[in-house]
Each structure stands twice: as structure tokens, then as C-alpha cells.
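Here the structure comes first, spelled out in C-alpha cells, and everything after it is commentary.
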Amino acid sequence: MTYGEQEEFARRWAEAIVGTSYVPIGRRVLTKHLLGLTRRLVEAALAVEFVPALGRQIGVDMVAAHFTGTETLRETLALIAEELPGLLGSAPPGVDAAGRVAQLVASMAAGYAGALRERSLDEQDAIYRAGLRARRQAEQALAASEAKFRAMFTEAAIGIGIADLDGNITDANPELQRMFGYTLEEFTQLNVVRSMIHPDDAPSVWETYGELVRGERDHFRMEKRYYRSDGSEIWTQLTVSLVRDEAGAPAYQVALLQDISERHRLQEKLEYQAYHDPLTALANRQMVTERLGKIFAAPAGQRRVGLCFLDLDGFKVVNDSLGHDVGDQLLKTVASRLTRCCGEEHLVGRMGGDEFVIVVEDTGGKADVAALADEVLAAVVEPVRVGDHELSVTTSIGVVEQAVAETNPEDLLQAADITMYQAKHNGKARCVMYDRNRNDSEVRRFTLSATMLAAVERGEFFVEYQPLAALADRALLGVEALVRWRHPRFGVLGPERFVGLAAESGSIVQLGHWVLARACQQARVWRDAFGDAAPFVSVNLAPRQLHEPTLVTDIGKILDDNQLHPSSLHLELTEQALIGDETGPLTVLTKLHRLGVRIALDDFGTGYWNLPDLRRLPLHELKLAGSFAVGLQSPCPVVDQRIVAALVDLAHALELTVTAEGIETPAQLEHFREVGCDVGQGSLFAPPSAAEQIDALFRAASPLCGIRREDISREDISREAL
Amino acid sequence: MEKPSWGLGDLDIEQPSPARVYDCYLGGCHNFVADRRVARRAVDLWPELPLIMQANRAFLRRSVRYLVRQGITQFLDIGSGIPTEGNVHEVAQVASPLSRVLYVDIDPVAVAHSRALLARNPLADIVQADLRDMEAIFDNPRARRLLDLDQPIGVLMVAMLHFVPDEADPAHIVAQYRKTMVPGSYLVVSHASHEGRPDQAGPHTELYRRAGAPLRMRSRLEIEALLDGFDLVPPGVVFLPLWRPDSPADVDDHPERFTGFAVMGRRE
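Chains as they are written, first to last, in the numbering used here: chain C, 1 to 722; chain H, 1001 to 1268.
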């Protein structure tokens, strides 16, 4: 068989088997490979002695080259059996070419089958091993992730519980066990639906739960309370998730619980603090206000309500002399006594300082509340032991009892407050029942008196100025400063409404100081505007002020602060201020005189002053009481006229200037002028006016007489009865 | 009640796997009964399938040789399947002994088997991952050991993308890979298509769907669109045997019988 014949055979062989097996080579390489096999076939066929192993090896090599397709074998054997015998040419002697090829094909087939079987088994072995390895790896990965999950479950700082769809708890991590105080064993005896209910659960809690286990939702989150094994309560942030099986059907539930009890306690604490007085643990003003609001918000019907307003008597003394610690202890003791008297029935609140209230709901009548107030009086008066001190404290109580329909929370509180002041005024250590029919003005006096100082601070007071004119030419010489109270409730009040109260309560000192300072500021303004021609300012001084040790320095400071010459300030005193044996006021007066301030004796003629004694006093002026002006209006003014003339003469003898007050008519003006009065004051010249209006008058520089009242707009002084 | 379990993956040998069915087509025995059953049925329906698979393997071989000639020495073969004769690392390392190859397959058995075969080859390894999980592929220590993403790379998605349904947005996946490939890198794709044999496509697709490996055959244009952003290496998208054949003799008279397309793209 020539080389060319062998090549042609290999080409046809390749043609026959191409595509029947996957071999990773192209056709050219394939043909070359088959040419090699062809040569070996020819050699084996023509060997002197047939060696079956050669044929077998060719079969084995075919498999090794991945000619593993059965069609490859069929095509190969058919080609060899059919065509090789004819191509072998001259066979060695004794060799039957056809028989040899048959033997060759048989041994190739055997070798191929054996090799293919080996190869298949090897590959199967390999793939099963790979399968096993893959499974083992997956199992290891699963074990690792399960271990991870377990670690997470065990170490989590959050409680984790697992339950089936019936609610039977199957697992609980250590944190959950700690949170609830159950062991795992105990947990597995519990059921979510039967054992984990809290009476305060909203119905929605268990509706939502139902939706979850039915597969209608995949998770929910809420705050929920539980009972621990010891019966105590725990607040949790609960998240429950539904876990589904591969088919998507609900399989079990996982609950995550975070202990938020601490947060809730804090919340409750804050809420408590918002409504309670930290010292006494009583309700605070806020809570009292809200409780009253609630009482009045409900339909009034026939309901009645009572309120006791308490203020300890002399508490300030305790605080000042024994210290705040003792004061606090006292307050705590009083608070506990009040609570004891009232029990759970009535709300006891501390309104601040040493003020307490008791709210009595649905009273049967005044007697009920009065009885309670009496009981409280008795309870408070019991001596209180604080450290080494045994304190006796009393209280004043204002009691109000009214139909809900006829009042409101604000009025109720105010009425009780006012009534309490009345109890103080009546001598303390008592209770006073509010009486609507009692003179309202009396009640309001207490209000005014009690609130005056705060009103000074709030700027409710203001000053008006009434001109003082020279009677000779009616030129503006000065102004008298007159204090007013723009009361938020009663309107503008004149001094006659409150100065007396201020004197009683002592707040006249602060008020007087304020008026002095205010008037001097204004004097400064005028001084800046009008120079030496500016009007002087005359300010009233209450008797009580003369007893203030700092009065002289205070006035000196005010003058300094405003850079005023002392003579631009006149001080008006009443005779009353100088009555008595005390030399104090006189000393003060002398000092003021020396300071250079001018001093006027106000309202002269109404008192009992011994005229000759006037010469002892360091005075500059006399202001004749308004009653003289009224006298001059009488049908027979001659007597009055002569008295005034005598007074004026006397004053002039003492070198005092005389001012006539209350001049309202030109006739009065004429009379005073005739008897030699120097200065006049009254509505004929101008009523008390705001500072700006005084500016206007001054700028007009015309005589003050004949100015009509309506030329000067001024704030109406409320004439509401006090 | 069972504790939560993180499943055994696709380790059910009762379930045919595309990788092992493919091995059946190529005459291998790295497969189980379930795989052979599917393969037999597929071939009954479509007798040319083994030829098509061989043509696909031949394309793979030619493409790797081509890439080595272009100077590519590292390869990422995704969906590598059961290793068989003419694997990427064999072809590449014959042409350039220091070529590095990382195989990726989702089938744990294929991965285990490949790893056993590759145990002695320090320049080739395999990672089990999904095509879409690029992080799992590139952040894997095996990948970091073998691949240098600062250098051009040959990425092979041979007979791979037709297992990615439209819903998974294969074009987007390919684009993500493109972004990690430096200029000068190549993407090799072969893809099943109904063009050429529309009569066969339907039943075949149905068979794979029932076997749990849905197949999405695509048209030439759709395949070309997947390589958006790459410059197509001539001859572009062609039937498998027509992509740069070694010799004219290797090209069948009816290349359309090989109902799959081959294409290679270069990242510029």
C-alpha cells in the first residue's frame, strides 16, 4: 500500500467519521492523526505473525483521542473491513489479507470497547466524586452558616424567639430568656397566643398577629407589653416575621424583641415631672389647671365644684431665719398632711412657694368644702418637727364653692386666691368662704394690694403731669407728677385707688421710688429740650418713705443719674408725714433741704398743724388744700377768702411760696390772685396730662388760662368703682 | 419544626444540569441519568445537536487561540461547565504556557470536578458563582490571585447568555462586565439562535424549560445588541463554523444548520 494510498484512505476515514465524535481538533489535524493510525493498521495487517495486541492498542488509542462516539466506531470498522483488504496489495506468504483484516477489526473492537468502558467508568467515578465533594462542601457551608446563625442567636443583644404557626414557642435565645425570666424549657411550654397576652394589648395586636400566621402579611412591628415570669412588666419593641417554606406557604414565625422598658420608665418619669412638684410630689400648677379644665369641659349640669386656696402664714420668716432646707421640710410635711386630709378623693396641688390648692369635685354644698378646710386648718396647725426645730405654722385658706355652670376655671382660682388674701387680712390662721354678695371692691382691694409690686415690675404704672402756673402771668412754672396704674382688668386707676393700699402693704416704698425716678428722667428730657426754662417736677412723698433710711441717698442718686440740679425737684409732703414725736422725719427733711431739693407741704389746711410750728420746718412752699378753692365758690365766700388771705400772709411771712390747688374757674383764679397766692394748679390751667402734651403746652408759650379741656386729649381715668 | 436552613444549592443529581447535559452532547460520561435523559430526548428531537455543540467547542478553541495571538494571557470563562478535552486553559497554555484562566460556573458539581482536574495547574482555577454576581467573582481570592484587571483580559461567555432571560437584562450584565475590562480586552460570545432552524427552536426551548433550565434563543440583531459598546472583531456575528475557520474544509456546506452565532468584541 503506497503512501499516497494510505493518505487517501486516511482522508476517506476522516470524511466518514467527522462530526461523529467530539474531538478538539480541525479536519486537517484529524486526517493527519488518522494517517498515523492507517500506517499502524497496515503494519499490523501485513505482519508475518498476527499480534492481536496491536489491533487492540489502535482501538484503545482511538478512545484516548476521544473518538468515543459509537458512530465513529461503526464508520471506522466498516471502512476498514470493506476497503483495507483490497488496498493491502501484496501480503506476506501464508497471510490471508481478508482474514487478517477481520482479525484486526475484531481486536480493534475489543480494545476500543475495553478502553471506552474504562473511560466511561473513570468519568462516572470522577463525576460522582465531584458530586460528593460538592455536597460535602455545601454541607460544610450550611453547617458554618448554621453555626453562624446559632452564634448570632445565642449572642444577640436582642431577644429572639421562634414559634410555630399555632403559637407554640419552640426556641428562645438567652437574651429572651433573660428578658422574660423563663428558661428555655419553660418557654417551650408557652404559647404566644395563650401565654403572652397583656390586658392592655390593643385588639389590633392580635388581629395583626392573625394576619401574619395566616400568611396575609410577612411581618409587623409594634410596641407591646408583656409579663415576666415574676409578674413584673416589660415593654418591648416587637418585630415578628413570617418565614415561608419553599412553596411559599407559612412555615413558622420569628420574633425579635427589644427591651424598651427603660425608655418607657423615662417617658413616664418625664410625664410625671411635667405634672408634679418635685419637692412635695403633689400635683403642680399645670396639673391643677388641666384638672379644672376637665371639670369645666364636661357638661355642667347640676354639678358643683369647690376650691381651697392655702397660703402658709409667716412661711417667709421660717425660710429666712432657719434656711431653705428647713422651709422645704416644712412644705413637705404640710403637703403630706394635706394629702392625708384629702385622701384619693380630692386633688391636692402646690401652686408654687407656700401656696397650695385643693380641688373638690362634685361637692354637695358649701358645708362640705368648709368642713374640709377646717380639717386642713387643724392638720396644718399641729407642730412640725424639722431637725431640732419644732415649728408651729398656720395657714390662711380661701374657700370657693360654686355651681360649675356659674363660673370658669380662671374665675374660680382667682376668687379663691382673693378670698385667701382676705383670710390673711382678717388675721390669718383661718378660712374665709368666698361670698359673691360681699362688696366686690373689698375683694378687689386685696387683689390690687397683692399684685401691685409685680405690676410695677411689669410696667403697668405710668406718670401724668399737671401744670403749676404763676398766678401773676399764668406762665408754666412746673408740673406735679401723678402716678397712674393701667390695670389689665380694671382700666386706668388714679392714685386714690391704690396709694392707700400701697401704704398699707408697704409697697409704697418701691412705688414711690419708681415715680421719683420716672419723674426725674422726664425732668431731664425737658431740661434738654427747654434749658433753664424747663418746668420743675414736683413729686409726692408718702409718710412711709420718710422712714426709709436710704431715701436721701436714693434721691441724691436719682438726681445724679439724670444730672439734674436739686432745685428742679420739688417734694410734696402731707402734714401727716410730720405728725408725731419722732425726730426722724425732720432729720430727713433737713438733709433733703441741705441737698437743695425744694420741699412743699401738701394739702395744707386740712390737718392739725400748729401754724407757728411751720417755722421749725425746712420748707419752701405751702400747697393749700383743694377745699379752699371749693370754699371760694360758696354763696358767701368772704370768710373763706379772708382765711386764705391770712394763710397766704402767714406763709409769705415765713418766706414760703403759696400754691392754690383745685382751681377750676376763672373766678377762683381771680380770688387767689387777689389774696396774693403765687402759684395755681387745677383743671382751669390743665388737667394731669402725658409728658408730650406738657411739651406742647410749653412750646405754645402762651398763658395757661382758658385752655379748654378738649384741647388736651388724655387717657380717661377709669371711674370704675373699686 | 425545622430550623432555618440555607439550602444545598443545586446539588440535586435528580435534576438535570445544563453543564452535564452539554457533556452528554460531547459524548462525555461526566453526567447522571437525569442529564442523559434530557440529552437523549433533545438529540431525538434535533439530531444535529451534538454537531452544533462540537462546532461551539471548535469556536471556543479558535477564539482562544486568536486571543493569545492578540497578546491576551488571562481569561475569564464564565459558564465553563464540565471540563472536557480542548478546555480554555489547555488551548491557551499550549499557545502561551503562562496563560492564566479563571473558570466560573454556577453548578457545584461542575465546580468540584473542575477543581479536582485543575488541582495541579497553578495557573487555572474555578469559582462557583452566578454570572450576575460580579462581586463574588472578582472579589474571590482565587480570582485576585489569577487575574489582573489592570491588564487586558479575555472574557468568555460561550453558550452562556441564552440561559439569561430578558427579565435579568443580559445587556446590562454584559455592560457591567465591560466596565471592569480595560481597553484592549475582548468578550467572546456564542449564543443559541432560532435563526437557521426556526422549526427546531420551539420544541427545544420547551424541553429545556421543562428540564428547569429555560433557554432564551435570540436573533442575530439581539445578540449584536448584547455587545453594545464593544468593537466587533470581523467577521462580526456569524454562524458558529464561519467564525475564522482554521481551514475551508472545516466549514460545512450548510453552516446555518449550526443554529448558533459566534461573535467577538473588543473593548476600545
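Beta carbons: idealized from backbone N, C-alpha and C, even for Gly. Computed from a predicted model, the values in this text were never measured in an experiment.
Exercise for review: Determine the direct distance from the alpha carbon of residue 541 of chain C to that of residue 574 of chain C, and round the result to whole angstroms.
Suggested key: 8 Å
Point to revise | Neighbourhood of residue 1275 of chain H by C-beta distance below 8 Å, restricted to the same chain and skipping five residues each side | key: In the structure as shown, chain H starts at 1001 and stops at 1268, and residue 1275 of chain H therefore has no counterpart that could be examined.
Review point. Under 8 Å between the Cβ atoms of residue 406 of chain C and residue 365 of chain C?
Key: no
Check your understanding: With burial defined as no fewer than 16 other Cβ atoms inside 10 Å of the residue's Cβ, what is the status of residue 1027 of chain H: buried or exposed?
Key -> buried
Point to revise | Rounded C-alpha distance that separates residue 67 of chain C from residue 1208 of chain H | key: 27 Å
**Study point:** Where residue 158 of chain C meets chain H, residues with beta-carbon distance less than 8 Å
**Key:** What residue 158 of chain C touches in chain H: nothing, since even the nearest Cβ is about 16 Å away.
Review point. Within the 8 Å Cβ cut-off, does residue 1185 of chain H reach chain C?
Key: no
Check your understanding: So what does DSSP say about residue 55 of chain C, is it helix, strand or coil?
Key -> helix
Exercise for review: Using a threshold of 8 Å, state whether the C-beta atoms of residue 663 of chain C and residue 680 of chain C are closer than that.
Suggested key: yes
Check your understanding: Starting from residue 237 of chain C and walking both ways along the beta strand (DSSP E), at which residues does that stretch end?
Key -> 233-244
Exercise for review: Return the Cβ separation of residue 397 of chain C and residue 342 of chain C in integer angstroms, given the expectation that the two are a contact with Cβ distance under 8 Å.
Suggested key: Contact flag wrong, Cβ pair sits at about 13 Å.
Review point. Leaving out five residues before and five after residue 464 of chain C in sequence, what residues of the same chain have Cβ atoms less than 7 Å from its Cβ?
Key: 482, 484, 688, 689, 690
Check your understanding: Where are the alpha helix (DSSP H) runs, 4 residues long or more, that stay fully inside the stretch 1165-1216 of chain H, in chain order?
Key -> 1170-1180, 1198-1210
**Study point:** Backbone CA spacing between residue 1043 of chain H and residue 1202 of chain H [nearest angstrom]
**Key:** 14 Å
Exercise for review: Kindly indicate the opening and closing residues of the beta strand (DSSP E) around residue 23 of chain C.
Suggested key: Unbroken run through residue 23 of chain C: none, as it is neither H nor E.
Review point. Relative to the alpha-carbon of residue 1148 of chain H, which residue among H:1266, H:1066, H:1074, H:1062 has its alpha-carbon at the smallest distance?
Key: H:1074
Check your understanding: At a CB-CB cut-off below 9 Å, which residues of chain C make contact with residue 1168 of chain H?
Key -> The premise fails here: residue 1168 of chain H is roughly 21 Å from chain C at the closest Cβ pair, so nothing lies under 9 Å.
Practice item. Anything in the stretch 1014-1037 of chain H with a Cβ closer than 9 Å to a Cβ of chain C? List those residues in chain order, please. Key: 1020, 1023, 1025, 1026, 1027, 1028, 1029, 1030, 1031, 1032
Review point. Where residue 1227 of chain H and residue 1171 of chain H are concerned, what is the direct C-alpha to C-alpha distance, given to the nearest angstrom?
Key: 7 Å
Point to revise | Burial state of residue 1182 of chain H, where buried means 16 or more other Cβ atoms lie within 10 Å | key: exposed
Point to revise | Terminal residues of the beta strand (DSSP E) in which residue 1100 of chain H lies | key: 1100-1105
Exercise for review: For the stretch 1006-1069 of chain H, list the alpha helix (DSSP H) runs that are entirely contained and at least 4 residues long, ordered along the chain.
Suggested key: 1018-1025, 1033-1045, 1049-1069
Point to revise | Neighbouring residues, chain H, relative to residue 227 of chain C (Cβ below 7 Å) | key: Those within 7 Å of residue 227 of chain C in chain H number zero; the least Cβ separation is about 25 Å.
Point to revise | Unbroken stretches of the beta strand (DSSP E), 3 residues or longer, contained in the stretch 444-526 of chain C | key: 461-470, 476-487, 491-493
Review point. Given 8 Å as the limit, is there contact between the stretch 20-29 of chain C and the stretch 1053-1061 of chain H, that is, 3 or more CB pairs closer than that?
Key: yes
Check your understanding: Less than 8 Å separating the beta-carbons of residue 1152 of chain H and residue 1078 of chain H?
Key -> no
Practice item. Could you confirm whether any beta carbon from chain H is found closer than 8 Å to the beta carbon of residue 8 of chain C? Key: no
Review point. If you pair each beta-carbon of the stretch 219-237 of chain C with each one of the stretch 260-270 of chain C, do three or more pairs fall below 8 Å?
Key: yes
Review point. Quick one: complete alpha helix (DSSP H) runs, 4+ long, within the stretch 346-423 of chain C?
Key: 366-381
Practice item. Can you have a look at residue 526 of chain C and say buried or exposed, based on whether 16 or more other CB atoms are within 10 angstroms of its CB? Key: buried
**Study point:** chain H residues whose Cβ lies nearer than 7 Å to that of residue 66 of chain C
**Key:** 1085
Check your understanding: Do three or more CB pairs link the stretch 241-259 of chain C to the stretch 159-177 of chain C at distances below 8 Å?
Key -> yes
Check your understanding: Residue range of the beta strand (DSSP E) that residue 159 of chain C falls in?
Key -> 159-163
Point to revise | Same chain only: Cβ atoms within 7 Å of residue 75 of chain C, ignoring 5 sequence neighbours per side | key: 16, 17, 20
Review point. Among C:169, C:272, C:332, which has the Cα closest to the Cα of residue 386 of chain C?
Key: C:332
Check your understanding: How would you call residue 557 of chain C, buried or exposed, if buried means at least 16 neighbouring beta carbons within 10 angstroms?
Key -> exposed
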